[in-house]
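Student: Below you'll find the structure I mean.
Residue numbers (the working numbering): -5 to 189.
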């Protein structure tokens, strides 16, 4: 039991090392943006899936500022590649950036950076979701979430928010129950559930 909690703490420490080494926060702030951590690193639920999520806001959002920040990040040691998508006219209303980074131990991480205009539809939403998840967690639900995350088969894609919803809203406590829950609750598009 304590082993999985220690592995989660270790994963969080490693993730923060990656954030510092790549200068992600500083690059975006220097481009005039506000940078907010969201997702499993913020909630303390990071485990095997080495993914760090930031939501970034600018007013106004200028594509050239976004590219300037990413140029700095792409030049950081360990950054292997980046990917960009312009979704300003889609439901997402954002510029999506992904960076894949090799850390000092040789492990590969993914940094998701969602750049949005201040005041857009999703402004602050996922920050509030992460805050509510953190407020709602109990020692029992934290363990249940981490155990389900640990049981996800290699190569299978599961969004953390699916697990949080299953555990916190519907009382799911193990991988088999989660797999059944997921079959009955297929996620589509952006999941906006909040506890």
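Each residue gets a CB set at the ideal place from its N, CA and C atoms; glycine is no exception.
Assuming residue 135 and residue 161 form a contact by the criterion Cβ under 8 Å, report the distance between their Cβ atoms to the nearest whole angstrom.
Tutor: Yes, they are in contact, since the Cβ atoms of residue 135 and residue 161 sit about 5 Å apart, within 8 Å.
Student: Does DSSP classify residue 52 as helix, strand or coil?
Tutor: Strand at residue 52.
Student: Beta-carbon within less than 7 Å of residue 121's beta-carbon, same chain only, minus the 5 sequence neighbours each way: which residues are those?
Tutor: So the qualifying residues of the chain are 30, 32, 49.
Student: Are the CB atoms of residue 26 and residue 67 nearer to each other than 9 Å?
Tutor: No, the pair does not count as a contact, with Cβ atoms beyond the cut-off.
Student: If you count every other CB in all the chains shown that lies within 10 Å of the CB of residue 35, and 16 or more means buried, which is it?
Tutor: Buried: at least 16 other Cβ atoms inside 10 Å.
Student: At the level of alpha carbons, what is the spacing between residue 45 and residue 84?
Tutor: Going by the C-alpha atoms only, they are around 23 Å apart.
Student: Pull up the distance between the alpha-carbon of residue 6 and that of residue 140, whole angstroms please.
Tutor: Looking at the two C-alpha atoms, the distance is approximately 13 Å.
Student: Please list, in chain order, all residues of the same chain as residue -5 whose beta carbon is under 6 Å from its beta carbon, the five residues on each side excluded.
Tutor: Any answer about residue -5 is weak, because its pLDDT of 49 lies below 50 and its placement is not dependable; what the coordinates show is given next. Excluding residues within five positions, none has a Cβ falling inside 6 Å.
Student: Output needed for residue 87: all residues of its chain with C-beta closer than 8 Å, excluding positions within five of it in sequence on either side, in chain order.
Tutor: Answer for residue 87: 81, 110, 111, 114, 115, 116, listed in chain order.
Student: Apart from the five residues on each side of it in sequence, which residues of its chain come closer than 6 Å, Cβ to Cβ, to residue 166?
Tutor: The residues are 160, 172, 175.
Student: Mapping the DSSP letters down to three states, classify residue 37 as helix, strand or coil.
Tutor: Three-state result, residue 37: helix.
Student: Take residue 189 as the anchor and find which of 158, 181, 178 has the nearest alpha-carbon.
Tutor: Minimum Cα distance to residue 189 is reached at 158.
Student: Are the CB atoms of residue 75 and residue 90 nearer to each other than 9 Å?
Tutor: Contact: no.
Student: From 28, 14, 23, 39, pick the residue whose C-alpha is nearest to that of residue 0; which is it?
Tutor: The shortest C-alpha separation from residue 0 is found at 39.
Student: If you follow the beta strand (DSSP E) that residue 110 is in, where does it begin and where does it stop?
Tutor: 102 to 111 is the extent of the beta strand (DSSP E) around residue 110.
Student: From this set, 169, 102, 186, 143, which residue's C-alpha is nearest residue 123's C-alpha?
Tutor: Of the candidates 169, 102, 186, 143, the one whose C-alpha sits nearest the C-alpha of residue 123 is 186.
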